[in-house]
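Here is the structure we will look at, set down as structure tokens.
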Amino acid sequence: MKPLIPVILFSTFLCAPSLCSEESGKGPLSWSHLPALPDEEGFAGAFAGIVTNKDTEKDYLVVAGGANFPKGRPWEKEKNPEKVYYDLAFKLEMGAEDASWEKIEGPLGERLGYGMSVTLPKRGSTLFIGGKEQAATDAVWEVTADQSGKLTFAPRLKYPLPIVEGVAGVVGETVIVVGGATNREGGGFRTVQEAYMLDTSKGDGEWKWESLPWPEAGKDEMARGRVYAVAGVRADLFYMFGGRDYAGSADPAPGRVHQEKLDILSDCYALGLKGGNPEWKRLKDLPQGMSAAPSAALPVGVSHLLMLGGVSAEYWRQQFEDRPELNGAGESHPGFESHLWAYDTITDTWAAAGELPEKLKDVPVSVPVTTPVVEWKNRFIVPTGEIKPGIRSPQVLIAQVEKLDSRLGMLNWIVVGVYLAGMVGIGYWFMRREASATTEAYFRGGQKIPFLVAGLSIFATVLSSITFMSIPARAYGGDITWYIGQLAMLVLIPVVVFFYLPFFRKLDLTSAYLYLERRFNLGVRLFGSFSFMFAHVGRIAIVLYLPAVALSAVSNINIYAAIIIIGLLCVVYTVMGGIEAVVWTDAIQAVVLLGGAILCFILVVTRLDGGIGELFSIANSDSKLLQNLTFEWNIKDGTTTGLVIFLAFGFNSLIQYTSGQDVVQRYVTTKDIGGARKSLWTTMWMSVCFSIVFFLLGTALYAFYKTQPALLDPAMERNDGILPFFIMQQLPAGVAGLIIAAVFAASQSSISSSLNSIATAWTKDVDSRLVRPGASDEEYLRAAKWVVIIVGLLGIGGAALVAAANIKNAFDTFMGIIGLATGSLGGIFAMGVFTRRGNGRGAMIGAVTGIVVVGFIKFAEKIGIVAEKIQVAGILNAFIGFTSCLVVGYLASLATGGGTEQGEELSIHGKAGG
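Just so we're aligned, residue 665 is where the sequence shown starts under our numbering, counting upward by one.
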């Protein structure tokens, strides 16, 4: 065994050089060209979208309609220039080598431009809505492709009114169209204050345009109608930014362009459709009014929408001043504004986000307006468009998100390296002290662990790296309502201390599941042990993967190197030092991660101009504290009901503290039951008092980036990367390394605990009970160490597989299946401890029932048992599994003969529970 240790250490540090990437970031978007449209002029106001044939899985970019000036520029009066609209389309197969455009004549049956386009991924089609030549139309076309790639332009349900120059987007399968202009009553065009939605998930014959409310700019003040706005979609919200309106008789606005009698608008809105009650919300205004930008805002990163260029009132007025004789147009026009504006949906802020490039591989780039944006495989296509007044371009641009480059630096790596070496050193120290010489020492530490160290170890075991990053991320993206769940510890720990702990200590248990055999039977014990082991093998992989992917998303840390280093070092010190090394390193890691969180909080607050006062002022005004806490009964996802949160977190913790080998094993490492009690009281107060630090850290990060939105990286891919991002961006060298070490610490504390407890469960419940009863202690110890190594490598491999195959969703499903049993496991222990008449048959019936009930709620909609997802919050799974198992298990016990003699003795009603 010992010869393996240098090999593992060498392999670990061999990975370190790969932590530095050679690639450097160039901003939020990386641009390139697709083949230009086969038209000398190009088009403004074209339709565009992606069409997919589901059988061949081929994607086609379709561009249709639009208008240009083929005979001369608008200011060249001697050429009698005429604006010409077109009835033609172009098709390009995406992803094909040497692909070229195919031109299609007359697909629409009329010449049109300036309508709206939306791609419907689930139908594999694109909708073209409205448009005009002289008069607006209410026509709607759906474009599809057959197996040969031939396009069909089929008329669909007409829009409720003739419409041009509005904005459209798709939320789920619902098309939303807002604003625009119409001339349905004859005469000139006027903007409309109307919006409609169309549910395309229904059969074609059931399509129906449904009216939506119009947004309010303020109390009793309707927002102005508009054309040439920009639409965006994030999650289940539809966004509308800026645009312009005809000036009419309205009072002069800051964005008025008098020469064109137009008002350039800056107001922005978001529309939510949840609960069947559409509702608009006023957002932060654009820094300046913008109009005619490419019509879709790009959803980049985890929370941003990126607006490309456009025309501001100030810029427009300047062009009139420079060339009044040409109404601001002309060949010398500099082109439209190239800057990008980033809207962050979390902090409700705008920030400049760079500019479109001037050249790509020495080919000039023209900034387009009045053109759609098409999303394809996380890339964004901007086809053709107007590049100067009256001038179009056939260029087709394509962009993809590129994160900012961030390097950890040598000093930070030294700090991280010292910490990691220290953890291995602790393992080596306990190996030299013969802390791993017997199974008694390896699994129980000789029962000489101080209560404070054991308490810190329990706290660190429960608080994984996922929690270390996800709690601040949740508070940053939402509020601190979930802190209410931590208060359940004030009820939970007394229950554990007075009702469960006596059994674990008086029965002198090393494996928690031995209690289940003595109380029920061997089958129940094996169910409990295997449920725990399978769940924690998966947990090791996910605890390795999530922090690694979060760190790699905001820095140059290689995800595989992070997984391997964290995992292998955990294996090393766990193999060497056993439970003593695990408990002592957990205690140190608890101090490191708590110290890291407190230090990070202080550093964030000091970067706010108004300090702690500004933090709470922003948090209060933006409802980031407990303002959203409710007392109405709501068990759906996203619930803010205090009692539901309290119950959910209380039962999640109860299960871990009463049936999780990784926590229960700590109870038998102290000298006596008094020390075990003190360790639990320590954990309780730490959980209640220190968990608020993690929540407030997220609130502080929100306040910081709310006041300095330009510091956010629009390309940040994960919300739980906000803390690592702040660390990499804002903290000085050395300090950043210390906080990264805290992230590693949080991960390692959970992994090492899982490794040792799995080895304990296997050795005590399987190896010594079934496989090799009567073998020597040395043989069991050797097997336990091999279990640590094998399980550790499985966890590392699983995390790397998830990273390589990008199968996070599939892995979450797997973990959900494995996790179905944890609620039932807690219910079995509760039935054993609190009831006289619970028996083994009832326990197994209850366990299966708990699994089935939770599984039905979680997966019934996915496998087609029910039509819609059952609306129960995922945080309630443990509570549902626990109570289902306990209630059904007890009733089944009564129906199958009731309790036994050991049921009386090994419950709170017998001597063992006294």
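Even for Gly, the Cβ is constructed at its ideal location relative to N, Cα and C.
Bounding residues of the alpha helix (DSSP H) (the contiguous stretch that carries residue i)
i, result
"Leu926", "Looking at the DSSP string, Leu926 is not in any alpha helix (DSSP H); the run it does join, the beta strand (DSSP E), is Leu926 to Gly936."
"Asp909", "Where Asp909 is concerned, there is no enclosing alpha helix (DSSP H), although the beta strand (DSSP E) it sits in stretches over Leu901 to Tyr910."
"Gly1398", "It is not in any alpha helix (DSSP H) - Gly1398 carries neither H nor E in the DSSP assignment."
"Ser1121", "Phe1115 to Val1126"
"Leu1311", "Gly1306 to Ser1323"
"Phe1280", "Gly1275 to Ser1285"
"Pro819", "Looking at the DSSP string, Pro819 is not in any alpha helix (DSSP H); the run it does join, the beta strand (DSSP E), is Leu815 to Pro819."
"Tyr860", "Careful: Tyr860 lies outside any alpha helix (DSSP H), inside the beta strand (DSSP E) at Ala859 to Asp863."
Range covered by the beta strand (DSSP E) that runs through residue i
i, result
"Ser781", "Met780 to Leu784"
"Glu1181", "No beta strand (DSSP E) contains Glu1181, which is instead part of the alpha helix (DSSP H) from Leu1178 to Arg1183."
"Tyr752", "Here residue 752 turns out to be Leu, not Tyr, going by the sequence shown. Residues Leu752 to Glu757."
"Thr790", "Ser789 to Ile793"
"Ala1374", "From DSSP, Ala1374 is part of no beta strand (DSSP E); its letter is neither H nor E."
"Val841", "Thr838 to Val842"
"Tyr1106", "Here Tyr1106 belongs to no beta strand (DSSP E); instead the alpha helix (DSSP H) covers Thr1103 to Arg1108."
"Thr1009", "Per DSSP, Thr1009 belongs to no beta strand (DSSP E) and is neither H nor E."
Per-residue burial, residue i [other beta carbons within 10 Å of its own, 16 or more giving buried]
i, result
"Ser967", "buried"
"Phe1162", "exposed"
"Ala1016", "exposed"
"Met1133", "buried"
"Ser812", "exposed"
"Ser685", "Confidence at Ser685 is low in this model, with a pLDDT of 31, below 50, so its placement is unreliable and the value that follows should be read with caution. Looking at its Cβ environment, which holds fewer than 16 other Cβ atoms inside 10 Å, Ser685 is exposed."
"Glu1001", "buried"
"Ser1287", "exposed"
"Gly1514", "buried"
"Lys1449", "buried"
Where residue i sits in the DSSP three-state scheme
i, result
"Ala1261", "helix"
"Tyr1369", "helix"
"Gly1562", "coil"
"Leu1555", "helix"
"Gly729", "coil"
"Glu769", "strand"
"Trp1014", "strand"
"Ile1243", "helix"
"Phe1000", "coil"
"Pro1058", "coil"
"Asn1298", "coil"
"Asp1077", "In the sequence as presented, Asp is not what sits at residue 1077; that position holds Trp. It is helical."
"Phe712", "According to the sequence displayed, residue 712 carries Ala and not Phe. In the structure shown, Ala712 sits in a strand (DSSP, three-state: E or B)."
"Ser1571", "coil"
"Ala961", "coil"
"Trp1248", "helix"
"Val804", "strand"
Beta-carbon contacts of residue i that lie in its chain and below 6 Å, excluding the five residues immediately before and after
i, result
"Phe1094", "Gly1241, Glu1244 and Ala1245"
"Asp863", "Thr838"
"Thr846", "Ala800, Leu825, Pro826, Ile827 and Val856"
"Gly1574", "Glu1568"
"Gly1562", "Arg1501"
"Val782", "Leu791, Ala832, Val834 and Val839"
Among the options, nearest to residue i - alpha-carbon criterion
i, options, result
"Leu1165", "Thr716, Gly779, Phe1115 and Thr1322", "Thr1322"
"Met758", "Gly939, Thr801, Ile1045 and Val839", "Ile1045"
"Leu1555", "Ala1214, Gly1504 and Trp944", "Gly1504"
"Ile1221", "Leu1208, Leu1072, Glu1181 and Leu1272", "Leu1072"
"Asn1292", "Ile1309, Ile1460 and Gly1091", "Ile1309"
"Asn1541", "Arg1341, Phe1315 and Val831", "Phe1315"
"Ser955", "Gly939, Trp1077 and Gly973", "Gly973"
"Val897", "Thr1009, Glu880 and Gly1385", "Thr1009"
"Leu815", "Asn1420, Arg1341 and Trp805", "Trp805"
Beta-carbon contacts of residue i that lie in its chain and below 7 Å, excluding the five residues immediately before and after
i, result
"Leu1311", "Phe1543"
"Arg890", "Gly843, Thr855, Gly907, Arg908, Asp909 and Leu929"
"Lys1335", "Gln1111 and Lys1112"
"Lys690", "The predicted position of Lys690 is uncertain, since its pLDDT is 49 and thus under 50; no value can be drawn from it."
"Lys747", "Ala731 and Phe733"
"Gly736", "Lys743 and Pro745"
Beta-carbon contacts of residue i that lie in its chain and below 8 Å, excluding the five residues immediately before and after
i, result
"Pro1021", "Trp695 and Val1029"
"Trp1345", "Gly1119, Ile1157 and Val1161"
Near the ligand PLP: residue i beta-carbon under 7 Å from a heavy atom
i, result
"Gly1192", "Because no ligand of any kind appears in the structure shown, any question about the ligand PLP cannot be addressed here."
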